[in-house]
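Take a look at the structure below.
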Amino acid sequence: MQMPPIPTDPSVRAVIDQQVQVMFRLADEALADLTLDECLWQIDPRSWTVHRRDGRWFGEIGDEYPDLPTPSLAWTMWHPIWWLRTLLAHTKGEPAPAPEMVEWPGPDAALSLLRELWAEWSEFVAALDADELESSALTTFPYTDERPFVYVVGWASMELTKNISEMCVLRGIHRDLACTMQG
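Taking numbering that gives the first Met the number 0, I'd label the letters of the sequence shown as residues 0 to 182.
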């Protein structure tokens, strides 16, 4: 499949990073004072969520995404932690963590951890030159084809923006339902 060219100059990378930073600021407002109960609430008992093991929280994920109901907010926070850790490992040539070994730090620390992981990713991307971004040498996750690495960069910003949006929407749904049940 022929992919259209994507600009690789530093100003484009700065815009992508700035857009993600805006999403983090929106999440700070929408997810302020988030509780563990809100995070663990499931729309349906079949929803993917996190589970406590040895006093810590871990997410669940399968090889395929089944037709399941909306995941819990905790899972929606865990998922980008997992894929960012996996993406960083792949791009640095390190072993990727098994999903069941990636911890969810809880509602108070999840956004901070996502910021740290995004900062590490942004620093890695900023150090790449145009030739490296246009090469497919680093493209191993989430894509396994020969597309240029700049597509991975674009995917990461889009995916994190989507994940943060989902977190905010799930928080709103939970609060709306709680108000409806009280009223």
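Beta carbons are placed, not taken as given, at the ideal position from N, Cα and C, and that holds for glycine. These numbers were taken from a predicted model, which means no experiment stands behind them.
Practice task
Give the DSSP bridge partners of F57, in chain order.
Solution key: H50 and E102
Problem - Per-residue burial, V151 [other beta carbons within 10 Å of its own, 16 or more giving buried] - result: buried
Exercise for the section: Classify G54 as buried or exposed, calling it buried when 16 or more other Cβ atoms lie within 10 Å of its own Cβ. Expected result: exposed
Handout entry: Element boundaries [alpha helix (DSSP H), containing I15]
Key = P9 to A29
Handout entry: Residue nearest to P9 in terms of C-alpha spacing, selected from S121, A155 and S135
Key = S121
Practice task
Measure the Cβ-Cβ separation of V19 and S111 and say whether it is below 7 Å.
Solution key: no
Practice task
State yes or no: is the C-beta of M76 nearer than 6 Å to some heavy atom of the ligand GTP?
Solution key: Among the ligands in the structure shown, none appear at all, so the ligand GTP cannot be discussed.
Exercise for the section: Look at the alpha carbon of I15 and the alpha carbon of F123, and state the distance between them as a whole number of angstroms. Expected result: 14 Å
Practice task
Counting only runs of 4+ residues fully inside the region 82–149, write out the alpha helix (DSSP H) ranges in chain order.
Solution key: 109–125 and 129–133
Exercise for the section: Could you pull the start and end residues of the alpha helix (DSSP H) that D36 belongs to? Expected result: L35 to L39
Problem - Simplified DSSP assignment, three categories, for D175 - result: helix
Problem - Outcome for P79 when other beta-carbon atoms lying within 10 angstroms are tallied against a minimum of 16 - result: buried
Practice task
Ignore the nearest five residues each way along the sequence and tell me which others in E99's own chain have a CB closer than 7 Å to its CB.
Solution key: F57
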